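Residue numbers (mature numbering (1 follows the signal peptide of the UniProt record, and there is no 0)): -37 to -1, 1 to 693. Backbone N, C-alpha and C fix where the C-beta goes; we use that ideal spot for every residue, glycine too. Here the structure is a predicted model, which means the values were calculated and not measured.
As structure tokens, this is what we get:
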């Protein structure tokens, strides 16, 4: 059993609406837990203590009731995660753990349990985000478990008990965070019997022990008595809990013997365009230089602007780095992953197109070596030309004892030039100012003949690689093509007074992304396991059309869908007609299908449908179809002149799901494919319905491309889910 990621969801994102609610949610200990559908959580506040019950899945049962002397009673039967906490919240008070001189919690509890259960003190820090646990007693399983993400750091004697101290990195990618553990090795819970557990926990002593072990501490968010259970049943009565605390206005312990690498000072000014730091490489800046086995010089051999750039001369490894003084950066008004933006112009002299990865590195040299690298984004840089790496978002959870730097690293060990490095504000009010002048492709602030070669080069790059390219985009459609060159040339020659803008609004998506729209509006999701990496690109347009590109992905998913809830609910199934036109160019395996859900108006039948329009010969879909044909389980249906194989789940007269496979849908690997059609779900499902077609509503409908071990491109030129206004229902 591992400590769950529930805290990120149930504590931080929900805290604003839960912890701040003065009303108390009380319920009988004889009544089962009733919580929110998604998180299965309830919470409240009583006598200055906040409490929360979280269960990870609906089938788990939990009863909870507050009791006197800050206690509670609970019983549970949990198949997966269950957490019960009661304690004091310090949300938004900005209390650093280093200010806590004493924090004593006295408790007395009776607990009977079988399975994986532990009790103790738990809580959260913010800035940086860290969870912590002080385990007083545990059952079958000793937390936090093993694995490569668990580090045992030291042993400490606290309150006469022996604790092992661990650091555990949990979560994935941008949701990863650290958790600190003090686990008492002296107390095991006797399974199936009543365990009387009582004692004192001085939380401040554990903070000090973690700091001594070299672990940075943050602002206290909450400190609770906590019960955690997994695949467990039992009951517990917390008979009493008393808290005594001494919190100073100054640090009373901590890494005061460490050197603070940055002196506090007023932040730099944010310019009207959002710029905070700019390096034009015309003079030396001690914060900028080389990283790794390489050197950096200012040179006038080549530059993007001005007379000089910085040349990175490589050895066995090489990168550009900029040492950030966090006090230079104004505090963001928004707590988001786009507090700041960075970028630069890079000239790749390797003779081969390369990718450059931008990382934020947090590090320190004492009391123990600490390094945390966060990948911010990856961009392709063409050989023999300048590439604009722009608006890479990052945020800093500032620890005054740590250092920070931005590092730009090529995918191969090569030399390169860098110019016009910057850090700017990521706050929304600066976004429009930072866009610059439409048609100014070389960034010199004016539109003139010098922009025409930039447009031509961008068009050639797009034609050579069949990629989505915005470097030559003039009309705002997020493509670089001949129409941009024509418009730009006409504007420069003064045959038109302004460059017309595409009316089909478009958004460029880089890397994995998801956009959830309101009911009845279009949503989409892109997932290739690459965060802010331009080997995955997509253009999503106002009219619902999509252009997408993926490179070297094990699994790539693109889907676009509409949910019909709220004001869009009760939509007649006959109103759904999916019209599409797609051009696919790919290698590897791919399939394209449409799906959705219909429900009878009396709620007695609900059926999902999946309609496969194309797939690759020999892929898993193709193999499944061939096996089903061999087994004789597939039927056949004709819809709009096309033949489909059919299969289903559930009884024939009320299936839970029906699958359709277009008979001519198999295509070869390494192929260019054009496919189009109209799909009316009611035409496909007619023979499977209990009632006439006017007795059904559609809940949602969507489109999806799945690609496996593949590189490719998809132009979804048309994708609509509704009939035209003049359509007459049958």
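{"Check": "Where residue 490 and residue 674 are concerned, what is the direct C-alpha to C-alpha distance, given to the nearest angstrom?", "Outcome": "14 Å"}
{"Check": "If you follow the beta strand (DSSP E) that residue 556 is in, where does it begin and where does it stop?", "Outcome": "552 to 563"}
{"Check": "Between the region 350 to 370 and the region 79 to 86, do at least 3 Cβ pairs fall closer than 8 Å?", "Outcome": "no"}
{"Check": "With distances taken between CB atoms, is the gap from residue 508 to residue 680 smaller than 8 Å?", "Outcome": "yes"}
{"Check": "On a Cα-Cα basis, can you pick out the residue from 346, 280, 252, 387 that is closest to residue 291?", "Outcome": "387"}
{"Check": "Three or more beta-carbon pairs under 8 Å between the region 34 to 52 and the region 14 to 26, yes or no?", "Outcome": "yes"}
{"Check": "Nearest-angstrom Cα distance between residue 275 and residue 518?", "Outcome": "35 Å"}
{"Check": "Do the CB positions of residue 373 and residue 317 come within less than 8 Å of each other?", "Outcome": "yes"}
{"Check": "Can you name the start and end residues of the alpha helix (DSSP H) that residue 453 belongs to?", "Outcome": "445 to 455"}
{"Check": "According to DSSP, which residues form a beta bridge with residue 637?", "Outcome": "546"}
{"Check": "Straight-line CA distance for residue 283 to residue 162?", "Outcome": "54 Å"}
{"Check": "Note the first and the last residue of the continuous beta strand (DSSP E) segment covering residue 144.", "Outcome": "140 to 147"}
{"Check": "Return yes when the Cβ of residue 243 is within less than 8 Å of the Cβ of residue 141, no when it is not.", "Outcome": "no"}
{"Check": "With a threshold of 6 Å on Cβ separation, who are the neighbours of residue 335 within its own chain once the five nearest residues in sequence on each side are excluded?", "Outcome": "325"}
{"Check": "Taking DSSP as the reference, what is the three-state secondary structure of residue 513?", "Outcome": "strand"}
{"Check": "Quick test of the definition: if touching needs 3 or more C-beta pairs under 8 Å, does the region 42 to 59 touch the region 69 to 76?", "Outcome": "no"}
{"Check": "Should residue 418 and residue 437 be called a contact, given that it needs their Cβ atoms to be closer than 8 Å?", "Outcome": "yes"}
{"Check": "For my contact list, residue 515 and residue 498 are in at a C-beta cut-off of 8 Å; report their separation, rounded to the angstrom.", "Outcome": "7 Å"}
{"Check": "Give me whichever residues DSSP pairs with residue 159 in a beta bridge.", "Outcome": "73"}
{"Check": "On the criterion of 16 or more Cβ atoms from any shown chain inside 10 Å, does residue 130 qualify as buried, or is it exposed?", "Outcome": "buried"}
{"Check": "What distance in whole Å lies between the Cβ atoms of residue 289 and residue 361, which are believed to be in contact at a cut-off of 8 Å?", "Outcome": "5 Å"}
{"Check": "Just mark residue 459 as buried or exposed, buried being the case when its beta carbon has 16 or more other beta carbons within 10 Å.", "Outcome": "exposed"}
{"Check": "Given this structure, state the Cα-to-Cα distance separating residue 655 from residue 535, to the nearest angstrom.", "Outcome": "12 Å"}
{"Check": "If we call anything under 8 Å between Cβ atoms a contact, is residue 576 one with residue 548?", "Outcome": "no"}
{"Check": "Taking buried to mean at least 16 other C-beta atoms within 10 Å of its own C-beta, is residue 99 buried or exposed?", "Outcome": "buried"}
{"Check": "I need the DSSP call for residue 614, collapsed to helix, strand or coil.", "Outcome": "coil"}
{"Check": "According to DSSP, what are the bridge partners of residue 120?", "Outcome": "125"}
{"Check": "Taking the straight line between their C-alpha atoms, what separation do you get for residue 2 and residue 553?", "Outcome": "Annotation note: pLDDT 45 at residue 2 (below 50); position unreliable, coordinate value reported separately. Straight-line Cα distance between these residues: approximately 34 Å."}
{"Check": "When DSSP labels each residue in this structure, what does residue 300 get in the three-state scheme?", "Outcome": "Because residue 300 sits at a pLDDT of 49, beneath the cut-off of 50, its placement in the model cannot be relied upon, and the point is left open."}
{"Check": "Assess contact between the region 556 to 570 and the region 591 to 606, defined as three or more Cβ pairs (one per stretch) separated by less than 8 Å. Is contact present?", "Outcome": "no"}
{"Check": "Who are residue 254's beta bridge partners in DSSP?", "Outcome": "282"}
{"Check": "With burial defined as no fewer than 16 other Cβ atoms inside 10 Å of the residue's Cβ, what is the status of residue 169: buried or exposed?", "Outcome": "buried"}
{"Check": "Give the DSSP-derived three-state secondary structure of residue 587 in the structure shown.", "Outcome": "helix"}
{"Check": "State the DSSP-derived secondary structure class of residue 242, mapped to helix, strand or coil.", "Outcome": "strand"}
{"Check": "My understanding is that residue 505 touches residue 467, with C-beta atoms under 8 Å, so please give their C-beta distance in whole angstroms.", "Outcome": "5 Å"}
{"Check": "Please work out which residues of its chain come closer than 7 Å, Cβ to Cβ, to residue 477, disregarding the five sequence neighbours upstream and downstream, and give them in chain order.", "Outcome": "488"}
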